[in-house]
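K.L.:
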Amino acid sequence: MDEFYGRTGMVLHIDLTTGTATPEHPDEAVYGRYLGGRGLAGYYLHPFADREYTDPELPLLIFTGPLTGTDSPTSGRGTILSRSPLTGAVCDGSIGGGLPTRLKKAGYDGLVITGRAETPCGIEIDDHDVRVVETSLWGTDSDAVLHGLERQLPEDTSLACIGPAAENGSLLGSVAVDHRHGGVRGGLGLVWAAKNLKYLTVRGSGEVRVHDPAALAEAREAIVRLTMASPVLMGGHGFSHWGTGALFDLINSRRMLPTDNFQKTFFEQGAAVNAAALAELYKPRDHGCLGCHIHCRKIARDGRSLPGFETMAHFTANVGNADPESAMEAADLCGKLGLDPISAASTLACLREITGQDYTDKTLLSTLRAMAEGGDLAKGALNLAQACGRPEAAMTVKGLELPAFDPRGGYGLALAYAVSTRGGCHQHAYPISHEVLRKPVATDRFTFSGKARIIKLAEDTIAACDSMNACRLIFLAAGLEEYAKALTAVTGQDWSVQSLLEVGERTTVNERRMNAGNGFDATDDDLPGRFFTEPGTSGGGVEIPPIDREKFLQARRNYYAVRGLDENGAPTTETLQRLGLDQ
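As structure tokens, this is what we get:
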């Protein structure tokens, strides 16, 4: 680590078939082009992107960025990336807690995990001591695994594991990181299970060298100042105070809260399950990732994690449930079973629409348990709806269930959902920032005008953010200008807004070409038909009409043009050459 600033210069390849760990020292040019995190992970996935999740050669990638483990604000982030078992598309998950920081301090910029162990195993990393060990924890829920390992390991150890859902073949299997810091969608937990990998522990005692600590301190001060001045992040009604649940009332009042499987966009009982109601019931304390001053996670006094906005919204409004405790229990059960709560709740909403049957407290939980055991429920909303002969009831894009923002309430959101490389996801562009939160500037949420270029630039910005690794939420206050200064201070290399945008563009186009190679085209960059034919729930002075399909298709064509894609949504030869992706 002594020769590098912001990086360790080492990527560790772990072959679970042989149980061996082999270090690689990537060329400096690779770091310069892909930076780290999501970008560098995509570089390692590309040669194997057409492999099925059952193929031992498909890599499971866990990467840090050059800011990870430094004093840069929100630096405790990392990326898990592979090909999604649920969608077949490239899928990334931004993870927090302490694992990315400790992986970096153990001496590794990233892990490339391949092969398949003969029996269930765990990977244990303690600085440069790397072991692949047999485990008897297979079949144990995530909480039991994490609590059990914590009793055996030093306090400064981070942990990640899968639960029974992935072990049973559920396409909704997720990954728990340091107790609920996973946020991993797309069934990536199933990639772990296919490799017979139950858990990962990481402890690192090293330090991440910074080229210019004084300049980093100055950049940090500027970023912290911006976040402290942000009502969204640090205000009395912001994320620091309420968690991301602060969005509940706002999204509901904007008539864009998915209700009854996106058949409506307003939840009448919203006041019973909003952030204030949860705070009154559960008296939460603040919690956050290492290196973060925002602390958007909230822990109830009984030790359960309060659900974030999307999980809470989907387990209440989207399934017709006004009971906060049953939603809390459902979210907690997803954590134990290792289910992606957004996809799980969306699948429940799809089933409710098809059957016409409401959930009780007991059936809500029993259906989740069945989802973790296999069968049609374990395959997600699209496969369930198709099996029932009701494909129109699946609210998915590219097979990934939509999160808790209705696209009829924001046309940039509609476009972002459609073109996201990982499927039904707003986080690759986060148009909620300007269409609802009015940051950095307000845009008209009911027009596609200008949205193609806005979404393209936002995707590039967030891909750069994911490659540094910083938290996406902090970009509601700070921007690439501030983070370019932090990155320059850390690495000793000159970074600008433009050079970071180029990394972000290369990252996104690389994902696009991998998806194109796996058969994705313009027909997959689309929304469920409901949004073009049915209105949302108007009221409160807001009209929510169906989206005009011709205007949507023109916005998609505009996006293809500014992104450098052909009419089928694949990168053109010229785009690949310009970004150096043709080699």
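Each residue of the sequence shown is one higher than the last, beginning at 591 in my numbering.
All residues carry an ideal CB built from backbone N, CA and C; glycine is no exception.
Please list the terminal residues of the continuous beta strand (DSSP E) segment that includes residue 789.
P.N.:
For residue 789, the uninterrupted beta strand (DSSP E) segment begins and ends at 787-793.
K.L.:
How would you label residue 988, buried or exposed, when you count the other beta carbons within 10 angstroms and need 16 or more for buried?
P.N.:
buried
K.L.:
Is the number of C-beta pairs between the region 696-710 and the region 605-622 that are closer than 8 Å three or more?
P.N.:
The way I'd put it, the region 696-710 does touch the region 605-622; three or more beta-carbon pairs between them come closer than 8 Å.
K.L.:
Where does residue 937 fall in DSSP's three states?
P.N.:
The three-state secondary structure of residue 937, taken from DSSP, is helix.
K.L.:
When you compare only the Cα positions, how much space is there between residue 1103 and residue 709?
P.N.:
Roughly 35 Å between the two C-alpha positions.
K.L.:
In terms of residues, what are the limits of the alpha helix (DSSP H) holding residue 803?
P.N.:
803-818
K.L.:
Can you tell which of 1081, 1079, 1090 has its C-alpha closest to the C-alpha of residue 1048?
P.N.:
1090
K.L.:
Assess, as a yes-or-no matter, whether the region 929-949 is touched by the region 746-765 under the definition of 3 or more beta carbon pairs within less than 8 Å.
P.N.:
yes
K.L.:
Thinking C-alpha only, which one of 632, 803, 869 is nearest residue 660?
P.N.:
803
K.L.:
Determine the direct distance from the alpha carbon of residue 940 to that of residue 719, and round the result to whole angstroms.
P.N.:
47 Å
K.L.:
Are three or more beta carbon pairs between the region 712-726 and the region 642-659 nearer than 8 Å?
P.N.:
no
K.L.:
Would you mind reading off the limits of the beta strand (DSSP E) that contains residue 888?
P.N.:
887-889
K.L.:
Would you call the region 1008-1021 in contact with the region 1110-1117, where contact means no fewer than 3 C-beta pairs closer than 8 Å?
P.N.:
yes
K.L.:
For residue 797, which of helix, strand or coil comes out of DSSP?
P.N.:
coil
K.L.:
Please determine, among 619, 667, 680, the residue with the shortest C-alpha to C-alpha distance to residue 648.
P.N.:
680
K.L.:
Below 8 Å, can you find three or more Cβ-Cβ pairs linking the region 744-753 to the region 786-794?
P.N.:
yes
K.L.:
Of the residues 823, 924, 1037, 1059, which one's Cα is nearest the Cα of residue 883?
P.N.:
In terms of Cα proximity to residue 883, the closest of 823, 924, 1037, 1059 is 823.
K.L.:
Relative to the C-alpha of residue 769, which candidate in 784, 778, 731 has its C-alpha closest?
P.N.:
For the set 784, 778, 731, the Cα lying nearest the Cα of residue 769 is the one of 731.
K.L.:
Pop quiz: residue 897 and residue 862 are said to be a contact at Cβ under 8 Å. What is the actual Cβ separation, rounded to whole angstroms?
P.N.:
At roughly 14 Å, the Cβ-Cβ gap does not stay under 8 Å, so residue 897 and residue 862 are not in contact.
K.L.:
Quick check on DSSP: helix, strand or coil for residue 711?
P.N.:
strand
K.L.:
Flag this pair as touching only if the region 663-670 and the region 1054-1062 have three or more C-beta atom pairs under 8 Å; answer yes or no.
P.N.:
Remark: three or more beta-carbon pairs, one from each stretch, lie closer than 8 Å, so the region 663-670 and the region 1054-1062 are flagged as touching.
K.L.:
Could you tell me the alpha carbon to alpha carbon distance between residue 639 and residue 963, rounded to whole angstroms?
P.N.:
28 Å
K.L.:
For residue 991, which of helix, strand or coil comes out of DSSP?
P.N.:
Residue state, collapsed to three classes: strand.
K.L.:
Does the region 1120-1133 come within contact of the region 837-853, defined as at least 3 CB pairs closer than 8 Å?
P.N.:
yes
K.L.:
Going by beta carbon distance, what residues of the same chain come within less than 7 Å of residue 886, once the five residues before and after it are set aside?
P.N.:
These residues qualify, in order along the chain: 829, 830, 833, 834, 878, 1063.
K.L.:
According to the Cβ coordinates, are residue 856 and residue 899 closer than 8 Å?
P.N.:
No, the Cβ-Cβ distance between residue 856 and residue 899 is not below 8 Å.
K.L.:
Go through the region 677-723 residue by residue and report every complete run of the alpha helix (DSSP H) that reaches 4 residues or more, in order.
P.N.:
689-695
K.L.:
State yes or no: is the C-beta of residue 663 within less than 8 Å of the C-beta of residue 814?
P.N.:
Yes, the Cβ-Cβ distance between residue 663 and residue 814 is below 8 Å.
K.L.:
How would you label residue 1158, buried or exposed, when you count the other beta carbons within 10 angstroms and need 16 or more for buried?
P.N.:
exposed
K.L.:
Answer yes or no: do residue 783 and residue 766 have a C-beta to C-beta separation smaller than 8 Å?
P.N.:
no
K.L.:
For a test of the three-state rule: what should DSSP assign to residue 591, helix, strand or coil?
P.N.:
Bear in mind that a pLDDT of 45 at residue 591, under 50, signals an unreliable position, so the number given afterwards is only what the model happens to contain. Residue 591 falls in the coil class under three-state DSSP.
K.L.:
Our contact map puts residue 693 next to residue 792 with C-beta atoms below 8 Å; I'd like the distance itself, whole angstroms only.
P.N.:
Contact annotation, residue 693 with residue 792: C-beta distance approximately 5 Å; criterion of less than 8 Å satisfied.
K.L.:
Among 888, 935, 891, which residue has its Cα nearest to the Cα of residue 905?
P.N.:
935
K.L.:
Given a cut-off of 8 Å, decide if residue 1151 and residue 1093 are closer than it, judged by their beta-carbon atoms.
P.N.:
no
K.L.:
Check whether the region 1016-1027 and the region 990-1001 are in contact - that is, three or more C-beta pairs closer than 8 Å.
P.N.:
Yes, the region 1016-1027 touches the region 990-1001.
K.L.:
Can you give the beta carbon distance from residue 1079 to residue 812, rounded, assuming they're within the 8 Å contact cut?
P.N.:
Not really, about 11 Å apart at Cβ, beyond 8 Å.
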